[in-house]
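Quick note: the sequence shown uses this note's numbering, first residue 2, plus one each step. To start, the structure under review is shown below, and the notes come after it.
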Amino acid sequence: VAAAVAVVIGAKTLLVETSPRPFIDVFTSNTLAADFYLARVNPYAQVYPDIYGGGHDYRPGMVYWPAVLAVQSAARAAFGDIRWSFVLADLVTAGAVAAALARLGLSLRLALLAALALLLSPVGPFVFEQAWVDPLLFGAFALFACAMAFEHAALAGCALGLAVALKQYGAFGA
2 VAAAVAVVIG AKTLLVETSP RPFIDVFTSN TLAADFYLAR VNPYAQVYPD IYGGGHDYRP
62 GMVYWPAVLA VQSAARAAFG DIRWSFVLAD LVTAGAVAAA LARLGLSLRL ALLAALALLL
122 SPVGPFVFEQ AWVDPLLFGA FALFACAMAF EHAALAGCAL GLAVALKQYG AFGA
């Protein structure tokens with residue numbers, strides 16, 4: 002089961018190679034934001050290209066909160082693509098879910114199968130390829146659940162703080 006989890010995560014990483022520049026504003030803007038951040042320029046104050054040529058009524062830019070910027074910038078610096086942050090998020094999610102369920106009495110095999118089922122979500126590859134930031138938020142919530150299962154209040158609070166720092170609706174989880 003652990004090997005299957007590793008294969009699923011590995012398969013997602015192939016999306017970086019097969020779709021190196023997806024045509025979506027999230028990928029374009031977040032990649033540029035990471036580049037600005039790494040160049041020590043305020044990403045929130047920059048002008049971003051409108052890849053849709055005015056086809057949508059929005060102002061391009063970095064719309065996510067600083068935790069997304071920090072995590073994706075680290076992935077960009079280390080591996081060249083912001084989506085590698087989702088590989089880390091998937092590892093955190095799988096590990097935290099399996100640990101929490103095992104702590105709550107499920108056999109390790111069933112806990113790993115539950116983690117595998119989460120990773121096999123049919124929308125997962127699409128979300129990963131398009132660079133939607135939800136895997137980061139899901140990882141924070143999985144850390145929260147794990148911390149609660151282990152009765153570690155400080156870690157649970159940090160995980161919820163991370164969720165809130167990642168995305169505006171992270172507060173609903175808190």
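Glycine included, C-beta positions come from ideal geometry on N, C-alpha and C.
Task: Minimum length 4: unbroken alpha helix (DSSP H) runs contained in the region 18 to 86 - done: With a minimum length of 4 residues, the continuous alpha helix (DSSP H) runs that stay inside the region 18 to 86 are 26 to 39 and 67 to 80.
TODO: Measure from the alpha carbon of Ala97 to the alpha carbon of each residue in Ala148, Gly62, Phe37 and Trp133, then state which is nearest.
DONE: Among Ala148, Gly62, Phe37 and Trp133, the Cα nearest to that of Ala97 is on Ala148.
Open item on the list: Which residue marks the beginning of the alpha helix (DSSP H) containing Phe142, and which one marks its end?
Closed with: Segment Asp135 to Ala150, the alpha helix (DSSP H) holding Phe142.
TODO: Under 8 Å by Cβ, that's how I've got Phe129 and Lys13 pegged, so tell me the actual separation to the nearest angstrom.
DONE: Confirmed, Cβ separation roughly 5 Å.
- [ ] Helix, strand or coil for Pro1, going by three-state DSSP, please let me know.
- [x] Since the first residue of the chain shown is 2 and the last is 175, residue 1 is not available in this structure.
Task: Close Cβ partners of Ala154 (< 8 Å) along its chain, the five nearest in sequence each way excluded - done: Beyond the five residues adjoining it in sequence on each side, Ala154 comes within less than 8 Å, by CB distance, of Ala148 in the same chain, given in chain order.
Task: Classification of Asn31 by the beta-carbon crowding that lies within 10 angstroms, buried from 16 upward - done: By the neighbour-count rule (16 or more Cβ atoms within 10 Å), Asn31 is buried.
Open item on the list: To the nearest angstrom, how far is the alpha carbon of Ala68 from that of Leu167?
Closed with: Distance between the alpha carbons of Ala68 and Leu167: 5 Å.
TODO: Using beta-carbon positions only, say whether Arg77 and Ala35 come within less than 7 Å of one another.
DONE: Arg77 is a Cβ neighbour of Ala35, given a cutoff of 7 Å.
TODO: Determine the direct distance from the alpha carbon of Ala160 to that of Pro44, and round the result to whole angstroms.
DONE: Pro44 and Ala160 have their C-alpha atoms some 25 Å from each other.
Open item on the list: In whole angstroms, give me the CA-to-CA distance for Gly55 and Val64.
Closed with: Their Cα atoms are separated by approximately 18 Å.
Task: 8 Å contact criterion, which Leu105 and Ala150 should meet: CB distance rounded - done: Indeed, because the Cβ distance is near 5 Å, the residues count as touching under 8 Å.
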